[in-house]
Structures are given as structure tokens and as C-alpha cells.
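In what follows, a single structure is set out as C-alpha cells and then discussed.
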Amino acid sequence: MSFDYDLFVIGGGSGGVRAARIASGEYGAKVGLAEESRMGGTCVIRGCVPKKLMVFASAFPDAIEEAQAYGWDVQAGAFDWTRFRTRLEAELDRLEGAYRNTLTNAGVTIHDERAVIVDAHRVRLASGQEVTAKHILVATGGWPFVPDIPGKELAITSNEMFHLPALPKRALVVGGGYIASEFACILHGLGVKVSQFYRGAQILRGFDEEARGHVANAMRARGIDIHCGTDVMRLEKTASGIRAVATDGTEREFDLVLYATGRRPNTTGLGLEGLGLTLGRHGEIPVDRFSQTAVPSVYAVGDVTGRINLTPVAIREGHAFADTVFGAKPTAFDHGLVASAVFTQPELGSVGLSEEAAREQEPIEVYATAFRPMKTLFAGKQDRVLMKLIVSQATRKVLGCHIVAAEAGELIQLAAVAIGMGATKEDFDRTVAVHPTMAEELVTMRKPTRTA
Ligand code: NDP
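Printed below as a string of C-alpha cells:
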């Protein structure tokens, strides 16, 4: 049977674009790709990229304060949200264009419309046109989830954060994960009075407990009003804002309520059930190690599979799919040791096992140090950095590394190389310190803080 395409990709985000580009550009497959929104997906259009630019914008008041302590005669002045947003929009337009060019240059045919699956080899575009493909790759990502509370329509999600007409004076952030904690810090840095409600006992569930505590303490010390064990029962419109009625009995008013209570796979109405696929509890598409679904011609990568919701993971999954299906190199991406960073202020960089997970697995040594780094100490600030290594007693391998510090995202990338290679504590110790840096502490911690 002949098909219109060798591969049809649904979704032009990180995973779909990589798969399409490699399948077409490197392996010569005939590839079509449909995207109903803007090319680039969550990461480029409404996630990592605009978020990181907002992180940069929000860090300047701190930098200016430090500059004053270092002898500079500078004043912060006012933050012009509209000026920033205009530049942000221009940058996203540029990036979207770059993604589009990359695909076109690789020979991919772009369809700027929604596509749904009709059968194992056929998709229907919004225009009504049907196309056939030997393989279909679903890379439709995820979408913010807002729990069904009264007044939920008064809240916004991270999708809307980049388009605010103006910055609020008082904001409530609901949730305790990556997005909630990052936006609490961003808004605070931009001069907004921020409260964060999280239903659990400590924000950033899943990360090393000591590191979570360190980030939460630092956020509170900066003036973010974090309430753990607190959730919103309902939101009500008032004459002057939005009233949040909380489970702790309080009622407080805000100008903006941001819900960052997780994301759900974008599978509604895609036609997957018609294929006979049983989706997961939150709509995620079950796949095997090679990202293949139970229907052999249909694959899925990225957030829509609910494995690890990170752009670089989607990219690796998309690349591995193209290598497997079109490059005759069966490749299963290893989800085992994925480093990540939470861009709070200070940042949290993490790779490998938390202390809690490691000690469930085997006897460990914990090396941890918290100290005031030179740069901010000089400026009279109380900020503390945390450097932490979890070491296997039996093999001496470093099982986990957790850093809370400015630029921890940059630092953890390098630690991830060593840990991925199986470095032992002695390998770390043999490495001569780079002085004076914060990261030198990672190679100079002589005695374990504790064993477990
Ligand atoms: P997360 O899963 O990280 O966090 C969701 C938060 O919302 C948790 O604190 C969760 O609480 C809480 N929550 C979930 N449901 C409810 C509910 N019904 N009522 C109240 N609270 C609720 O999701 P995010 O939205 O922050 O981010 C989505 C994903 O995007 C992340 O998992 C991450 O993989 C990715 N991401 C990565 C970033 C990075 O690498 N820097 C940045 C942003 C996103 P509980 O802990 O109790 O479940």
C-alpha cells in the first residue's frame, strides 16, 4: 500500500519537531506535521523560554541591590511590563520562525491546522482533507489542569501569564510544583506581593527534602508568603479583586490568581480511543520503551505520554523514535538519570536520587554543606547555598546531587555528566577545586554529614 507520507506528526513542539526533522532531514523520510497553534509548542511559546526570560527580568532588583553594595550608584526605578512583554513577544515570533525554517529546510511539509486520527494510517485535518501515513507520531503535549472549584474561571494558568495586560499588585499562586514555585519567585521579583498556597506539607514534592526546605526557607526570607497545608475552596469576584476562601479558614483578596496545579496530556478528541487504545487515568498514551503504542503504526513522545514532562526528554524521545523507525537503529531513551532545575530564586538543580529515595534503596553517606556565598555575603545578604551529595556506601558511587544556589541549573548540568558516568565520591574528591567558586564545595566535602 502506498501512503501520502512515511510519517505524519501531530504536534509541533519539542518532541514532534525533533522527530520530524531527523526522520526527514537525516533519513530521507517523507514527513508531514500538523500544528493547530504556534510552532514550537509549550517550551517555546508558553513555557520554558518565556518563563526563563521572565526569570531574568525578575532578577534585576536583586542585582541592582548588590551593585549598590559593591559601590555602584544605581537605582532600580520602575519595571515597565508592557515594554518587556513587547520584546518577549518579538523574541517568541523570532523563535517560532526559526522552528518553522528548521522544519522546512529539512523537507517537512507543515500543515497549520488541527489533525485527528481516523485510523492506524490516516489522519483528518481541520480543513477536512485526509492524509495517509505509514507511521503516525502523536506529540501533542499537555495543557494546564485547574481543579473544579467554584470560581475557577476567575483564575488564570501559566498559558496566560505571558500575556497579562498589566502586572497585578497582589497575586495568589496555587500549587507547589515547578510552575507554581517558579512563578511565585518571578512575580515577587517583579514587585508583586505574592502568596503561594500548597495543599501538602512542603513545596516541590519529589525533590530531596533538605533541598525543598532550603528553597522554601529562602523564598519565605525574600518575602513570599508560602502557606503549606492550605488549598483554595472557592474563588469569588469582588469589587476590587478576587477573594480566595481557603481551607485554613482565611479569606483574602488578590488581583490575580494563578493556578499551577499540574498539566494533563492533550489527548481529548484526538481519535485515540477509536484506535482501540486505552488511555491512562489522566489521558496519557501508554507506550513501550521505543515510544510505540499498542497500535504498531502509532507512536507517541513527550508530555502526552506522561513519562517525564521535560523538553529535553521529549527531544530525546523524538530523536530515538526517528532513529528506531527510520534510521534502522533501535533506540530506547533511558529515563533513569534525568537532571532538572527549578528556576526559583535561588534555583534548585537536581540529578539522581534524593536522600529519602536513596536510603530506601541501600546504605548511604550524605555529604551536605550550607554556606553564605562570597558574592552575596559581601553585599550583606543572608542567602545560603546548599550543596549535597548522596553516596552509596557499597560502591562509593554518587547517587544524587542537589544544589540550591544562584545558577544551580548551570551547575547541575556538569554534575550530571560525572554522575551519568558513574563517578564515585573519590572521583569527585580527586578533582582539584576551582577557586573561588561555590561549586568547589562539591569536591571538598571530606566528612559525611550523616549516614543512613
Ligand atoms: P507539578 O506536577 O510539578 O506540580 C503540580 C502541583 O499542583 C503540585 O504541587 C500538586 O500537589 C498540586 N496539585 C495538583 N492537583 C491539585 C489539586 N487538585 N488541588 C490543589 N493542588 C493540586 O506540575 P506543574 O504544573 O508545576 O508543572 C507541570 C510539569 O511541567 C512538571 O511536572 C515539570 O515536569 C514540567 N516543568 C518543568 C520545569 C523545569 O524544568 N524548570 C518548569 C515548569 C514545568 P501535590 O504535590 O500534592 O501533588
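Take this note's numbering: the last position of the sequence shown gets the number 514, and nothing is skipped along the way. Beta carbons are placed, not taken as given, at the ideal position from N, Cα and C, and that holds for glycine.
Whole-angstrom C-beta distance between residue j and residue i, which should lie under 8 Å
| i | j | result |
| --- | --- | --- |
| Thr182 | Ser353 | The sequence shown places Ala at residue 182, rather than the Thr named in the question. In fact, because the Cβ distance is near 16 Å, the residues do not count as touching under 8 Å. |
| Ala376 | Gly75 | 7 Å |
| Thr431 | Glu244 | That pair is no contact at about 25 Å. |
| His197 | Tyr361 | 7 Å |
| Val193 | Gly94 | 6 Å |
| Val466 | His276 | 5 Å |
| Leu337 | Ile347 | So it is not a contact: roughly 10 Å between Cβ atoms. |
| Glu128 | Thr438 | 7 Å |
Beta-carbon proximity list for residue i, same chain, < 7 Å, skipping 5 on both sides
| i | result |
| --- | --- |
| Arg274 | Gln264, Ile265, Leu266 |
| Leu157 | Gly102, Val106, Val111 |
| Met63 | none |
| Thr309 | Thr292, Asp293, Met295 |
| Pro123 | Ala138, Gly251 |
| Arg351 | Ala394 |
| Gly482 | Leu399 |
Local Cβ density within 10 Å of residue i, reported as buried at 16 or more and exposed below that
| i | result |
| --- | --- |
| Met507 | buried |
| Phe440 | exposed |
| Arg147 | buried |
| Asp385 | buried |
| Tyr132 | exposed |
| Ala420 | buried |
| Arg325 | buried |
| Ala125 | exposed |
| Ala401 | buried |
| Glu488 | exposed |
| Gly73 | buried |
| Ile175 | The amino acid at residue 175 is misidentified as Ile; the sequence shows Glu. Answer is exposed; the Cβ neighbour count stays below 16. |
| Gly139 | exposed |
| Gly190 | exposed |
| Ser120 | buried |
| Thr104 | buried |
| Ala91 | buried |
| Lys113 | buried |
| Met223 | buried |
| Ala301 | exposed |
Contacts around residue i, its chain only, beta-carbon distance under 6 Å, and the 5 residues preceding and following it disregarded
| i | result |
| --- | --- |
| Met116 | Ile248 |
| Tyr240 | Val404 |
| Ile84 | His381, Ala384 |
| Val180 | Arg186 |
| Phe490 | Val505 |
| Thr493 | Val505 |
Residue i and residue j closer than 8 Å at C-beta
| i | j | result |
| --- | --- | --- |
| Ala372 | Met449 | Note that residue 372 is Leu in the sequence shown, not Ala. Taking 8 Å as the Cβ cut-off, Leu372 and Met449 do not qualify as a contacting pair. |
| Thr166 | Val236 | no |
| Val363 | Phe383 | yes |
| Tyr429 | Pro498 | no |
| Val460 | Ala485 | yes |
| Ala195 | Leu187 | no |
| Pro425 | Gln444 | no |
| Gly203 | Asn328 | yes |
| Leu252 | Phe395 | no |
| Ala242 | Val256 | no |
| Phe259 | His289 | yes |
| Ala306 | Leu399 | no |
| Val453 | Phe433 | no |
| Val366 | Val200 | yes |
| Thr340 | Val349 | no |
| Gly238 | Gly262 | yes |
Own chain, CB closer than 8 Å to residue i, minus 5 neighbours either side, in chain order
| i | result |
| --- | --- |
| Thr330 | Gly345 |
| Ile211 | Val294, Met295, Arg296, Leu297 |
| Glu271 | Gln264, Ser416, Glu417, Glu418 |
| His397 | Arg369, Ile370, Val375 |
| Gly303 | Arg232, Glu315, Phe316, Asp317 |
| Thr513 | Pro425, Ile426, Glu427, Val428, Gln455 |
| Arg184 | Glu192, Val193, Thr194, Ala195 |
| Phe65 | His183, Thr194, Ala195, Lys196 |
Any non-hydrogen atom of ligand 2 closer than 7 Å to residue i Cβ
| i | result |
| --- | --- |
| Asp293 | Ligand 2 is not among the ligands present in this structure, which contains only ligand 1. |
Next on the checklist: Check whether the segment 267-287 and the segment 145-159 are in contact - that is, three or more C-beta pairs closer than 8 Å.
Outcome noted: no
Item to check | Segment contact flag, the segment 396-411 with the segment 461-480, C-beta cutoff 8 Å, min 3 pairs | outcome: yes
Next on the checklist: Quick check: the segment 165-176 against the segment 78-94, are at least 3 beta-carbon pairs closer than 8 Å?
Outcome noted: yes
Checklist entry - Hey, is the segment 213-232 in contact with the segment 307-322, meaning 3+ C-beta pairs nearer than 8 Å? => result yes
Checklist entry - Is the segment 230-248 touching the segment 390-397 in the sense that three or more CB pairs, one from each, lie closer than 8 Å? => result no
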